[in-house]
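Q:
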Amino acid sequence: EGEVISMAASNSKIDLKVQAQAEVELHQITMSIYPEGDESNPIWENEGHGDGNELWEYGGEVALSNFNTMGNFVLQVTACGEHMCQGSNIVTVLRNFEITP
Numbered sequence: 442e443g444e445v446i447s448m449a450a451s452n453s454k455i456d457l458k459v460q461a462q463a464e465v466e467l468h469q470i471t472m473s474i475y476p477e478g479d480e481s482n483p484i485w486e487n488e489g490h491g492d493g494n495e496l497w498e499y500g501g502e503v504a505l506s507n508f509n510t511m512g513n514f515v516l517q518v519t520a521c522g523e524h525m526c527q528g529s530n531i532v533t534v535l536r537n538f539e540i541t542p
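If you're matching positions, the sequence shown starts at 442 in this note's numbering and goes up one per residue.
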């Protein structure tokens with residue numbers, strides 16, 4: 442939360458690691474990065490699938506060349522529990538970060 446990422450110091454990429462675990466069986470896990478205040482305009486998206494209530498991990502690089510502007514962004518992770526993607530079975534976590542030149 443609140444991470445500041447320098448475009449120059451990061452060699453134009455973000456090493457992204459996301460972990461999710463729950464007491465219920467995780468199902469569909471979606472991740473997206475979008476400009477703060479513009480959720481309908483994702484710059485990066487990815488999906489995964491949980492394996493029961495085991496720890497789920499995603500690790501990979503996100504190219505900063507996809508980001509047309511510097512500024513504030515949001516990483517959104519949404520997971521469904523018990524194969525029911527509705528109501529209280531959906532959990533969403535947001536993390537804000539900033540990209541600078």
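In this text, a Cβ means the ideal position worked out from N, Cα and C, and glycines have one as well.
Excluding five sequence neighbours on each side, which residues of the same chain lie with their C-beta closer than 8 Å to the C-beta of Glu477?
A: Within the sequence shown, numbered from 1, the residue matching residue 477 stands at position 36. Once the five neighbours on either side are set aside, the close Cβ partners of Glu477 are Gly512, Asn513, Phe514, Val515 and Asn537.
Q: Which of the three DSSP states, helix, strand or coil, is assigned to Gly491?
A: Along the sequence shown, read from residue 1 onward, the residue named residue 491 stands at position 50. Three-state result, Gly491: strand.
Q: Quick check on Gly478: does DSSP put it in helix, strand or coil?
A: Against the sequence shown, residue 478 aligns to sequence position 37. Reduced to three states, the DSSP call for Gly478 is coil.
Q: In terms of alpha-carbon separation, which member of Leu457, Met448 and Gly443 lies closest to Glu502?
A: On the sequence shown, residue 502 is found 61 positions in, with the first residue counted as 1. Out of Leu457, Met448 and Gly443, Leu457 has the C-alpha closest to the C-alpha of Glu502.
Q: Helix, strand or coil: how does DSSP classify Ser473 here?
A: Locating residue 473 in the sequence shown gives position 32, where the first residue counts as 1. Here Ser473 sits in strand by DSSP.
Q: For Gly528, name the three-state secondary structure that DSSP assigns.
A: Taking the first residue of the sequence shown as 1, we reach residue 528 at position 87. Correct three-state label for Gly528: helix.
Q: Pairs of beta-carbons, one from the stretch 523-542 and one from the stretch 479-490, closer than 8 Å: are there three or more?
A: As far as the Cβ criterion goes, the stretch 523-542 does not touch the stretch 479-490, which means the pair count is below three.
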